[in-house]
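Worksheet: one structure, shown below.
Residue numbers (UniProt numbering): 1 to 309.
Structure, rendered in structure tokens:
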């Protein structure tokens, strides 16, 4: 009886959170943490926890589709994970291999036109996993309906170092001048395939750190971060929606700050030269949401009326 009531309450709470979601993030990145601790809690071995976590991954793909999210990156295997014992690594490689083939052949992947891609130092993985990566990427290479990035043998610091070395080599060869070293030049050298800037990082499992995950794409974009206690196999739609709500709250606060700064700038410029203020206001309106653009226009109109008087 209690379980039925609890499930009913959770479904009702999901609906409440759903109604609160407006414009969600475009790119969500998730650190799938807590599989081994979940297994220990249930008296199982680590591979059992990873298999339970794989089902959560399937659920998250469905939730992304429901919310219109366009890109998902899953931190599946870090460079530090190579330090784990052999008896833990091999079953995890088995699971990754199986899931890559499964994704590549799944009807939902082809119906939704999901591009499956691996990011990280894939060459460090066993040959059988590399073969599965190639199969999944080849089968979905022409799709652009949704992007699923699997971070394998991934380390954010190593990614940045690799890009820096590539830039240095290009400059040394004369293919790139120092003046041409800009954000796009680094971007092109960061991963095997292009990755959007990250809007939201989610980490279940109780740890409040981002573990060197996508530092260029997340920190550079000032991504929101949501930490929660459930282990990855226990991660629910309610947890996911709370993460989306965290992103939206932060985004609204950030947009409010941008609008206030824009209005202040227009006011300051208008005190010196009204025509310059019109030019500045025009540029700012293009960068703000409609409500912010309206506030800038109202401030400009106010200054114009004051000048006319």
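Positions of the beta carbon are idealized from the N, C-alpha and C atoms, including for glycine.
Going by the DSSP bridge assignment, what does residue i pair with across the sheet?
{"i": "residue 77", "result": "152"}
{"i": "residue 138", "result": "Paired residue(s): none; residue 138 is not in a bridge."}
{"i": "residue 71", "result": "27 and 147"}
{"i": "residue 203", "result": "227"}
Could you check where the beta strand (DSSP E) with residue i kicks off and where it finishes?
{"i": "residue 226", "result": "224-227"}
{"i": "residue 118", "result": "114-119"}
For the putative contact between residue i and residue j, defined by C-beta atoms under 8 angstroms, what is the C-beta separation to the nearest angstrom?
{"i": "residue 51", "j": "residue 100", "result": "Not a contact, Cβ separation roughly 15 angstroms."}
{"i": "residue 152", "j": "residue 125", "result": "6 angstroms"}
{"i": "residue 155", "j": "residue 76", "result": "With 8 angstroms as the limit, residue 155 and residue 76 do not qualify as a contact, their Cβ atoms being about 13 angstroms apart."}
{"i": "residue 205", "j": "residue 84", "result": "Not quite, the Cβ-Cβ distance comes to about 16 angstroms (not below 8 angstroms), so this is no contact."}
{"i": "residue 33", "j": "residue 203", "result": "6 angstroms"}
Could you tell me the boundaries of the alpha helix (DSSP H) in which residue i lies?
{"i": "residue 103", "result": "86-105"}
{"i": "residue 218", "result": "Premise fails: residue 218 is in no alpha helix (DSSP H) and is neither H nor E."}
{"i": "residue 35", "result": "35-41"}
{"i": "residue 187", "result": "183-187"}
Are three or more beta carbon pairs between the segment 60-75 and the segment 24-35 nearer than 8 angstroms? A contact exists between the segment 60-75 and the segment 24-35.
Evaluate the contact criterion for the segment 178-186 versus the segment 99-113: three or more CB pairs, one atom per stretch, below 8 angstroms. The answer is no - the segment 99-113 does not touch the segment 178-186, with fewer than three Cβ pairs under 8 angstroms.
Any contact of the segment 39-53 with the segment 211-223, i.e. 3+ C-beta pairs under 8 angstroms? Contact between the segment 39-53 and the segment 211-223 is absent, because fewer than three Cβ pairs lie under 8 angstroms.
Cβ contact (3+ pairs, closer than 8 angstroms) linking the segment 115-124 and the segment 188-206: For the pair of segments examined, the segment 115-124 was found to touch the segment 188-206: the number of CB pairs separated by less than 8 angstroms reaches three.
Under 8 angstroms, with one C-beta from each stretch per pair, do the segment 197-207 and the segment 219-234 reach the 3-pair mark? In short, these stretches touch, since the Cβ pair count reaches three.
Would the segment 235-251 and the segment 52-68 be scored as touching if the rule is three or more Cβ pairs under 8 angstroms? Yes, the segment 235-251 touches the segment 52-68.
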